[in-house]
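Heads up: the structure comes next, in structure tokens.
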Amino acid sequence: MKKLILLFALITMALCASAKEYNVLDYGAVGDKETDCTEAFQKAIDDCYEHKGGIVFVPTGEYMVKGCLEVKDGVMLKGTYEAPPTNDRSNKPDAAGNMKGSIIAAYGGKNDPDGPAFLNLTGNNSGVQGFIIHYPEWSQKTVPPIPYSPCIGSKGGSNHSVKNVNLLNAYVGISFYACDRMTIDGIHGYPIKTGIRIDLCGDICRIENCHFWPFNMWYSTEDPYCVWINKHGIAFDFGRTDWQSVMNTFCFGYGTGYHFANYGTGGSNGSFVGIGADSCTNAVVVEDIHPMGLAITNGEFVGRWNSRDSSQVVVKNKAAGKVSLLNCAFWGPNTTCIRCDSDKARLSVIGCTFESWDVSGEKQGAITLNRGVGIINSNTFADNTRHIVIGKQAKGAVITGNYSENCLSVLNGIGKLAKIADNIPEPYDFTRENYANYNLKFNGEKDKQYISGFIYAEPTRGGSRWSSEGATIELPGNPGETYTVSFRVDVVEQALMEGAGIYVGDKNLMPFTKEGSFVFKNKVKMPKEGKIGFTVRCKTWVPHEMDETNQDRRVLGVAFMEANMVSNPKAKTFSLNTLSY
24 MKKLILLFAL
34 ITMALCASAK
44 EYNVLDYGAV
54 GDKETDCTEA
64 FQKAIDDCYE
74 HKGGIVFVPT
84 GEYMVKGCLE
94 VKDGVMLKGT
104 YEAPPTNDRS
114 NKPDAAGNMK
124 GSIIAAYGGK
134 NDPDGPAFLN
144 LTGNNSGVQG
154 FIIHYPEWSQ
164 KTVPPIPYSP
174 CIGSKGGSNH
184 SVKNVNLLNA
194 YVGISFYACD
204 RMTIDGIHGY
214 PIKTGIRIDL
224 CGDICRIENC
234 HFWPFNMWYS
244 TEDPYCVWIN
254 KHGIAFDFGR
264 TDWQSVMNTF
274 CFGYGTGYHF
284 ANYGTGGSNG
294 SFVGIGADSC
304 TNAVVVEDIH
314 PMGLAITNGE
324 FVGRWNSRDS
334 SQVVVKNKAA
344 GKVSLLNCAF
354 WGPNTTCIRC
364 DSDKARLSVI
374 GCTFESWDVS
384 GEKQGAITLN
394 RGVGIINSNT
404 FADNTRHIVI
414 GKQAKGAVIT
424 GNYSENCLSV
434 LNGIGKLAKI
444 ADNIPEPYDF
454 TRENYANYNL
464 KFNGEKDKQY
474 ISGFIYAEPT
484 RGGSRWSSEG
494 ATIELPGNPG
504 ETYTVSFRVD
514 VVEQALMEGA
524 GIYVGDKNLM
534 PFTKEGSFVF
544 KNKVKMPKEG
554 KIGFTVRCKT
564 WVPHEMDETN
574 QDRRVLGVAF
584 MEANMVSNPK
594 AKTFSLNTLS
604 Y
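In this note's numbering, the protein residues as written are 24 to 604.
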């Protein structure tokens, strides 16, 4: 019996020894956010490394770390979180004490953007898990932001990992160079200059379940700090990375969501599934890629809020390879959704949805193929003036099997080098009878092809659209006929100015002189081209500027409900919206 008890005791001691926990508290760390724990953390890491690696545990508390740490070969620096952590959105940086769990207050790497990472992973198999990391010296009022070295990074080794970490206001979140098979999973936060940067990595790097969004701050498209990120910030930055795998990632409010470039080691190729970018100036920018290219599937891309210069996927002139977009969705304030400017690019767009574009009113296409080759198939397009533009320097295009709410409009600059077929609905064959007397409602139903520079349709007033900057209307008709044209318009006081009205050329055909609801009428002669253009001139205004409690920041003019063109009062009235009498 005594032998059994002794054997049991020896086994227990052996198990305890093998399960020894390296706890930073045992090395002098204090989670009071006032004691510098740099030395204590590094001692715990070094001790763990000397004993062939393991876990260095950081229990609940906020730990000030003034310097940078080296997380060595085989060591996992681990906090309390087993899932991606967040914080109360109302928290300010000086209220981090309201956060729970393992928190690191980072001070290292300030004004040293090219220096070692704050948490520098070395050797192989080292990693960081389960923390909220914030920078107490950060301030939203500091623009441009103070640069720091990457929060977490490595310049060599294999199988590093970063999991379940919230990077609240890091200048550069994560940076890996010359690493293989790293895993980045469950990263939240709002890094400033760069969220995740990958270069000269391969065999295969995996990034999953990342969410870069304005945590720990109040967001406004007009705030100087937010404007800086929306101009200079990159959420995901890829240099040379082979067979890169990215899944279920999202970013908000960056200049570029997903950036592909050659930083001297080559371009990227890989699979990008379930990626999203909201309120970014450009969701995807392809400056350079590996010839095998990018396979982007189930992407969701939205233009920068209140902007007039967002293009969601931009393939630049040096990109030589395949860019494939499958089952993606585009909406929000875009000029063009996809633009290809490279002679050596092969662009395929299949099964995608295009809801809004041409916010600048310049008859931009949802897809603009200036150069290269385009395969555009099985997509759906909202009603708009122009859907696809093929530039004169494009090499070829196949545009088949697409659906648009109005007839698919393609501006073809390469003639027979483009195959355009089997798109629905087929073009409507208008007759002189249709154009003798017709009505157009500004209700969002097949009206967009006749207007430019108008806000989206809304149900108020039985269906209407606000004019905006540069609003124009182009109406068809029978050449040489004289028409009585009328517009039903709501004129608001804010839009009144000298010379306000609806113009044909330089003539103010229908002046706006007072506020109210009006039906403006006049006579016009239809030009030989069979169409006539009207320009809306008025003072634009922003509801938010009139009333700060109103969050509507649209640039508005006057509200249009409908237009009527009558050359023969006895003829039946044809609807351009329903294509019926």
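No residue lacks a Cβ here, since even glycine has one placed at the ideal position from N, Cα and C.
Only a predicted model underlies this, so the values are computations on that prediction, with no experimental measurement involved.
- Where F64 is concerned, the enclosing alpha helix (DSSP H) starts and stops at T61 to E73.
- In the three-state reduction of the DSSP assignment, H410 falls in the coil class, being assigned neither a helical nor a strand state.
- Counting only the Cα atoms, S401 lies some 40 Å from N182.
- Annotated three-state conformation of T320 is strand, per DSSP.
- When the Cα atoms are used, D49 and C71 turn out to be separated by approximately 12 Å.
- DSSP places T596 in the coil class of the three-state scheme, outside both helix and strand.
- In its chain, beyond the 5 residues on either side, K178, D222 and L223 have a beta carbon closer than 6 Å to the beta carbon of Y200.
- The criterion of a C-beta distance shorter than 8 Å is satisfied by L92 and N143.
- In this chain, the beta strand (DSSP E) harbouring R394 covers I390 to N400.
- Taken atom to atom, the span from the alpha-carbon of T103 to that of K186 is near 12 Å.
- For C249, the uninterrupted alpha helix (DSSP H) segment begins and ends at P247 to H255.
- Around the beta carbon of S540, a 10 Å sphere encloses fewer than 16 other beta carbons of the protein chains shown; the residue is thus reported as exposed.
- Rounded to whole angstroms, V308 and V547 show a C-alpha spacing of 46 Å.
- Of the residues assessed, D381 falls on the buried side of the cut-off, its CB having 16 or more other CB atoms within 10 angstroms.
- Rounded to whole angstroms, the Cβ separation of V98 and G77 is 7 Å, and the two are in contact under 8 Å.
- For the 8 Å CB-CB criterion, A480 and G580 do not form a contact.
- Counting of Cβ neighbours within 10 angstroms places M122 among the buried residues, the total reaching 16 or more.
- Q574 sits exposed, since fewer than 16 C-beta atoms from the chains shown fall within 10 Å of its C-beta.
- Here Q65 is buried: its Cβ has 16 or more other Cβ atoms, across all protein chains shown, within 10 Å.
- Looking at the DSSP output, D265 bridges to nothing.
- Nearest in C-alpha terms to G397, of all of A494, G344, D406 and I478, is G344.
- Pairing V337 with A368 gives a Cβ-Cβ distance that is not under 8 Å.
- Look at the region 120-182 and you find these whole runs of beta strand (DSSP E), each 3 residues long or longer: 125-129, 142-144, 150-157 and 175-177.
- Contact fails between the region 281-298 and the region 236-250, because fewer than three Cβ pairs, one in each stretch, are under 8 Å apart.
- Scanning its chain for C-beta atoms nearer than 8 Å, with the 5 sequence neighbours on each side dropped, one finds around H211 the residues P107, P108, T109, V188, N189, L190, C233, H234, F235, W236 and F238, in chain order.
- Y604 places its beta carbon 8 Å or farther from that of R560.
- For R331, no beta strand (DSSP E) encloses it, and the DSSP letter there is neither H nor E.
- Boundaries of the alpha helix (DSSP H) around A459: R455 to A459.
- For the pair G556 and E492, the CB atoms are not nearer than the 8 Å cut-off.
- Less than 8 Å divides the Cβ of S379 from the Cβ of A405.
- Out of G316, E160 and F141, the CA that lies nearest to the CA of V151 is found in F141.
- The three-state secondary structure of M240, taken from DSSP, is coil.
- Counting along the chain, the unbroken beta strand (DSSP E) around M99 starts and ends at V98 to K101.
- When secondary structure is reduced to three states using DSSP, K439 falls in the helix class.
- With respect to the C-alpha of I127, the residue from L392, Q163 and M87 having the closest C-alpha is M87.
- In the displayed model, D575 falls within coil according to three-state DSSP, outside both helix and strand.
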